[in-house]
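Sequential numbering of the sequence shown, starting at 43, is according to our numbering. Here's the structure, in structure tokens; my notes come after.
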Amino acid sequence: MIITLKGNITGEQYISLIGRIKDRGLEPHIDKGSSKIVIGLRGDTSGIETGYFMVDGVENVTSVSKKYRLVSRGSHPPDSVIDVSGVKIGGGYFAVIAGPCSVESEEQLFAAAKAVKDSGALLLRGGAFKPRTSPYDFQGLGEKGLELLVKMRDKFGLPVVTEIMGIEQIELFRKYGIDMYQVGARSMQNFDLLKALGGIGKPVLLKRGLSGTIEELLSCAEYIVANGNPNVVLCERGIRTFETSYRNTLDLNAVCIVKRDSHLPIIVDPSHGTGVLEIIPPMSCASVAAGADGLMIEVHPDRSKALSDPNQQLSPEEFCRLMKEIPEFVKARRKIEKLRKASGEDR
Ligand code: PEP
Ligand code: MN
Numbered sequence: 043m044i045i046t047l048k049g050n051i052t053g054e055q056y057i058s059l060i061g062r063i064k065d066r067g068l069e070p071h072i073d074k075g076s077s078k079i080v081i082g083l084r085g086d087t088s089g090i091e092t093g094y095f096m097v098d099g100v101e102n103v104t105s106v107s108k109k110y111r112l113v114s115r116g117s118h119p120p121d122s123v124i125d126v127s128g129v130k131i132g133g134g135y136f137a138v139i140a141g142p143c144s145v146e147s148e149e150q151l152f153a154a155a156k157a158v159k160d161s162g163a164l165l166l167r168g169g170a171f172k173p174r175t176s177p178y179d180f181q182g183l184g185e186k187g188l189e190l191l192v193k194m195r196d197k198f199g200l201p202v203v204t205e206i207m208g209i210e211q212i213e214l215f216r217k218y219g220i221d222m223y224q225v226g227a228r229s230m231q232n233f234d235l236l237k238a239l240g241g242i243g244k245p246v247l248l249k250r251g252l253s254g255t256i257e258e259l260l261s262c263a264e265y266i267v268a269n270g271n272p273n274v275v276l277c278e279r280g281i282r283t284f285e286t287s288y289r290n291t292l293d294l295n296a297v298c299i300v301k302r303d304s305h306l307p308i309i310v311d312p313s314h315g316t317g318v319l320e321i322i323p324p325m326s327c328a329s330v331a332a333g334a335d336g337l338m339i340e341v342h343p344d345r346s347k348a349l350s351d352p353n354q355q356l357s358p359e360e361f362c363r364l365m366k367e368i369p370e371f372v373k374a375r376r377k378i379e380k381l382r383k384a385s386g387e388d389r
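Written out as structure tokens, the structure is:
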């Protein structure tokens with residue numbers, strides 16, 4: 043909420059208003075820089091009508107009413123840590139999810155999973171149900187893909203992340219004990235699916251829509267949390283802009299804004315976010331610098347044969363090289379965060 047004061051507010055009225063704010067457990071942030079004094083309220087204002095602060099000396103009160111509440115930083119100041127079958131993400135825990143765009147065969151997934159494991163990544167990804175632009179493109183192996191993912195999970199000890207496209211697939215995902223349900227960019231606003239994922243008791247990886255605003259992304263996360271599942275990890279995966287030099291514009295601003303406005307972890311997918319092989323490594327490192335809690339990277343043992351996204355899947359060697367760099371960036375960021383905290387600087 044934002045309270046704008048009248049120019050002629052008396053000292054008594056001012057003191058009384060500040061008391062009223064503090065009585066509700068809120069912190070007033072006073073901005074005297076503009077022509078009028080404006081007070082921003084920090085804290086949980088849910089359940090307080092704007093009229094409560096419309097007292098003598100106040101010109102107006104506006105509610106910067108958020109479309110999300112439970113996922114907001116205000117409602118839960120510390121970072122949330124999401125546990126994906128033993129792998130933690132957020133609140134200082136950094137995790138890399140990697141694997142092929144699509145599960146194509148046992149040999150392909152085995153080779154990819156081996157590279158993921160050997161490189162030190164903690165979670166295996168792979169699409170069994172693929173959202174493709176053309177109905178004539180490879181649509182994924184379906185149930186067989188889930189079966190292979192689970193087989194590799196058991197072989198390599200890597201919890202698996204895979205995309206769910208509709209409510210009707212929940213039963214199948216349950217049957218295979220999928221560790222993390224991915225909601226793809228094209229499904230971000232499938233509200234019925236989001237509501238249903240509120241009841242699954244497994245973590246959800248919610249990807250940002252192609253033209254989804256940050257507020258929309260957080261509101262979609264709110265659907266899942268408000269329906270009973272607090273285990274949501276957000277994913278920045280690039281948005282559609284006028285730029286055509288790459289597949290999507292990786293919006294790293296979003297990482298900083300989400301960290302400011304929400305306690306949920308956010309990871310970055312530089313594979314879909316760029317669609318350009320050679321800029322995946324630098325943008326991965328940039329994502330870490332921006333504050334990401336993890337990365338999701340596509341890895342294929344032989345991308346020349348990939349049935350989807352052949353231009354953005356790292357080879358095992360390329361991925362291993364990148365995985366040697368990432369911890370250095372994570373370490374550097376932690377050091378800088380510590381220094382900032384020690385000097386009392388804000389995020
Ligand atoms: C994916 O991660 O497999 C995928 C299809 O990504 P997005 O939904 O971000 O396009
Ligand atoms: Mn892909």
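All residues carry an ideal CB built from backbone N, CA and C; glycine is no exception.
Using a threshold of 8 Å, is the CB atom of residue i nearer than that to any non-hydrogen atom of the ligand PEP?
i, result
"D179", "no"
"G226", "yes"
"E205", "yes"
"M27", "The displayed coordinates of the chain run from 43 to 389. Any statement about residue 27 would go beyond what the structure contains."
"K109", "no"
"P312", "no"
"P173", "yes"
The alpha helix (DSSP H) with residue i in it runs from where to where?
i, result
"P323", "322-332"
"D160", "148-161"
"D196", "185-198"
"Y223", "From DSSP, Y223 is part of no alpha helix (DSSP H) but of the beta strand (DSSP E) over 222-225."
"L239", "233-239"
"D65", "53-65"
What residue does the beta strand (DSSP E) around residue i start on, and which one ends it?
i, result
"P70", "69-73"
"L276", "274-278"
"D303", "Careful: D303 lies outside any beta strand (DSSP E), inside the alpha helix (DSSP H) at 295-303."
"R216", "No beta strand (DSSP E) contains R216, which is instead part of the alpha helix (DSSP H) from 212-218."
"G336", "336-340"
"G141", "137-141"
"G82", "80-84"
Between residue i and the rest of its own chain, which residues show a CB-CB distance below 6 Å, the 5 nearest in sequence each way excluded?
i, result
"S122", "G132, H305, L306"
"P245", "I124, V126, M222, N273"
"G182", "S144, G169, A170, F171, K172"
"R195", "V202"
"E69", "R84, G85"
"Q55", "D98, G99"
Between residue i and the ligand MN, is the CB less than 8 Å from at least one heavy atom?
i, result
"S357", "no"
"C277", "no"
"E285", "no"
"D351", "yes"
"E340", "yes"
"S147", "no"
"G169", "yes"
"S229", "no"
"S144", "yes"
"Q150", "no"
Report buried or exposed for residue i, applying the criterion of at least 16 other Cβ atoms within 10 angstroms of its Cβ.
i, result
"G61", "exposed"
"Y265", "buried"
"P201", "buried"
"H40", "Not covered by the structure: residue 40. The range shown for the chain is 43 to 389."
"S253", "exposed"
"I281", "buried"
"R345", "buried"
"E91", "exposed"
"A348", "buried"
"G336", "buried"
"R250", "buried"
Which same chain residues, not among the five before or five after residue i, have their C-beta less than 7 Å away from its C-beta?
i, result
"P369", "none"
"V158", "A140, G141, L166, L200, V341"
"T393", "The displayed coordinates of the chain run from 43 to 389. Any statement about residue 393 would go beyond what the structure contains."
Could you pull out every residue in the same chain whose Cβ sits closer than 8 Å to the Cβ of residue i, ignoring the five residues on either side in sequence?
i, result
"K156", "F198, P358"
"A263", "Y110, V113, L248, V274, L276, S304, L306"
Is it true that the stretch 78-97 meets the stretch 134-143, where meeting means three or more beta-carbon pairs spaced less than 8 Å apart? Because the criterion of three Cβ pairs below 8 Å is not met, the stretch 78-97 and the stretch 134-143 do not touch.
Should the stretch 182-191 be regarded as contacting the stretch 226-234, the criterion being three or more beta carbon pairs within less than 8 Å? no
Would the stretch 102-120 count as touching the stretch 309-324 if we require 3 or more Cβ pairs under 8 Å? no
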